[in-house]
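Residue numbers (the numbering used here): 163 to 633.
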RNA sequence: GUCCCCAUCGUCUAGCCUGGCCUAGGACGCCGGCCUUUCAAGCCGGCAACACGGGUUCGAAUCCCGUUGGGGACACCA
């Protein structure tokens, strides 16, 4: 059996969206599963819509999620001679002809047909003109089969049959010399030896247009697999109005790349009841046999849950590294840089179970990095009262007396104070929490103290005492 | 309009190909409880679906036909 060769072929007309990443992922998984090659190809033949920035964003997105490619990135604009050469070959063989209908005329006829409720296909008026050497602007059209059927044995949809009567003679070479999509894909997929064309099912109806071109060119027809679309909550195709769709936007919101891939792979694919998959597991288990035919609605809550799972399970050291840019954006980059790696890991350990994103973790970490804390006024009013002040002061004194400020000593000191005062743990814990963090919610008190250290803890406690006395 | 694809809890899905094991399983979310110094996490429990109508069959979520609904395509875009 020949080697598997698959490709991801985005057009650089915008950022890399998550639907594209899922298509890339399925291709990549299939390649890795079968020890084949995953090829990246940029389809930039639309000069007016393709941009360098988009190409950069696509590569950046692919690298971020870790979908590495074995060949490419190829750019179609670097391969123009190839398309022209094969298009002309078709012309010489009588399988393509020059068309001098103008774009305006075509557009008019198209609208007319649509208005009449007919399929807006090219009427073939240049088909028999036999123009050999067009003088002005002319496009080259493929002479598509008019009879019979084109049958596709799709890897995910199964057998799909199209009547060739619905096909029209599509333009393969524009009058500006550039190839059109349906032609350049065929030439590239054939020349690059692509064995399985796996793409979105918005391309399903392009397939019967492409198959005859493969055949006319004398190329072997690859296998096709059409993946269902990702929909928004209103069941319409996922787009900007449903929220963020750019993969890099998710990076910037604090999602982990492995969580993104795990979420995306489960959108349309499953392996029994398993929800969490390492990359290795995905590779070992992936198969088109259990790829869903129907489209899937994008569910941000489940993504968030998966992200939280990954944050919890990842190596604290790695999470700490990935957290850096978020700390910088939160304005505490310098403070974080002053901390040891070991301290940063303790920070991650304290917050990994209460952060769904890295952004959330960075926000939660602010009071532990800055010396001046932002006090929640409502919380202060409720918990830092004159009545509690003497207890806080006593606690600060006892804490100060704990020899190496270790957890056991601190806990004993804390318990002594509440026992002496005859109050419950929570009655002192909340005021202390507010005193130390400025907030009513935080990790365990002794974890907080551990992060703050002796000086930070005592200073905040004392400051809270004077504030409480004045309240 | 024409062609193509699709249809199980709100959502992602298992089951469907190879009918009975389905009183339809899991996950997210939601609700309740446990744990608890707060917030989380974790654990336990609950609500919730075979789109509809015909067949075929002893028996249909599973096979067939139709209806309805949703999506996609129909460019000198990709």
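We put the beta carbon where it would ideally sit given N, CA and C, even for glycine.
None of these values were measured; they are calculated from a predicted model.
State the DSSP-derived secondary structure class of residue i, mapped to helix, strand or coil.
| i | result |
| --- | --- |
| residue 177 | coil |
| residue 330 | coil |
| residue 226 | helix |
| residue 361 | strand |
| residue 172 | coil |
| residue 585 | coil |
| residue 681 | Residue 681 lies beyond the residue range present for the chain, which begins at 163 and ends at 633; the question has no answer from this structure. |
| residue 207 | coil |
| residue 539 | helix |
| residue 324 | strand |
| residue 350 | helix |
| residue 367 | helix |
| residue 316 | strand |
| residue 467 | helix |
| residue 234 | strand |
| residue 453 | strand |
| residue 484 | helix |
What number of angstroms, rounded off, separates the C-alpha of residue i from the C-alpha of residue j?
| i | j | result |
| --- | --- | --- |
| residue 611 | residue 599 | 10 Å |
| residue 626 | residue 537 | 10 Å |
| residue 554 | residue 529 | 20 Å |
| residue 518 | residue 225 | 23 Å |
| residue 373 | residue 312 | 8 Å |
| residue 403 | residue 393 | 12 Å |
| residue 484 | residue 475 | 14 Å |
| residue 473 | residue 441 | 16 Å |
| residue 320 | residue 314 | 8 Å |
| residue 506 | residue 482 | 6 Å |
| residue 495 | residue 488 | 8 Å |
| residue 471 | residue 427 | 16 Å |
| residue 503 | residue 446 | 35 Å |
| residue 255 | residue 338 | 22 Å |
| residue 197 | residue 230 | 13 Å |
| residue 236 | residue 396 | 36 Å |
| residue 548 | residue 466 | 42 Å |
| residue 296 | residue 206 | 27 Å |
| residue 498 | residue 609 | 18 Å |
| residue 211 | residue 413 | 25 Å |
| residue 490 | residue 510 | 16 Å |
| residue 341 | residue 242 | 8 Å |
| residue 303 | residue 334 | 6 Å |
| residue 164 | residue 439 | 29 Å |
| residue 437 | residue 430 | 12 Å |
| residue 208 | residue 524 | 42 Å |
Please say whether residue j and residue i have beta carbons closer to each other than 9 Å?
| i | j | result |
| --- | --- | --- |
| residue 556 | residue 573 | no |
| residue 522 | residue 615 | no |
| residue 409 | residue 177 | yes |
| residue 580 | residue 570 | no |
| residue 121 | residue 188 | Summary: the structure shown does not reach residue 121, with the chain confined to residues 163 through 633, and so no result is reported for it. |
| residue 561 | residue 619 | yes |
| residue 591 | residue 575 | no |
| residue 344 | residue 361 | no |
| residue 425 | residue 469 | yes |
| residue 501 | residue 318 | no |
| residue 284 | residue 332 | yes |
| residue 201 | residue 238 | no |
| residue 550 | residue 407 | no |
| residue 363 | residue 390 | yes |
| residue 380 | residue 330 | no |
| residue 384 | residue 512 | no |
| residue 195 | residue 449 | yes |
| residue 227 | residue 281 | no |
| residue 316 | residue 386 | yes |
| residue 336 | residue 301 | yes |
| residue 347 | residue 171 | yes |
For residue i, verify whether its CB is less than 8 Å away from any heavy atom of the ligand HEM.
| i | result |
| --- | --- |
| residue 578 | In the structure shown, the ligand HEM is absent, as is every other ligand, since no ligand is present at all. |
Am I right that residue i and residue j are in contact with their C-beta atoms under 8 Å? What's the rounded C-beta distance?
| i | j | result |
| --- | --- | --- |
| residue 168 | residue 358 | 5 Å |
| residue 597 | residue 546 | 7 Å |
| residue 607 | residue 508 | Wrong, their Cβ atoms sit about 15 Å apart, outside the cutoff. |
| residue 541 | residue 623 | With a Cβ gap of about 16 Å, residue 541 and residue 623 do not count as contacting. |
| residue 186 | residue 233 | So it is not a contact: roughly 14 Å between Cβ atoms. |
Looking at C-beta atoms only, is the number of pairs between the stretch 208–220 and the stretch 440–460 that lie closer than 8 Å three or more? no
Should the stretch 413–427 be called in touch with the stretch 351–367, which here means at least 3 C-beta pairs below 8 Å? no
How do the stretch 276–291 and the stretch 249–262 stand: do at least 3 beta-carbon pairs fall below 8 Å, yes or no? yes
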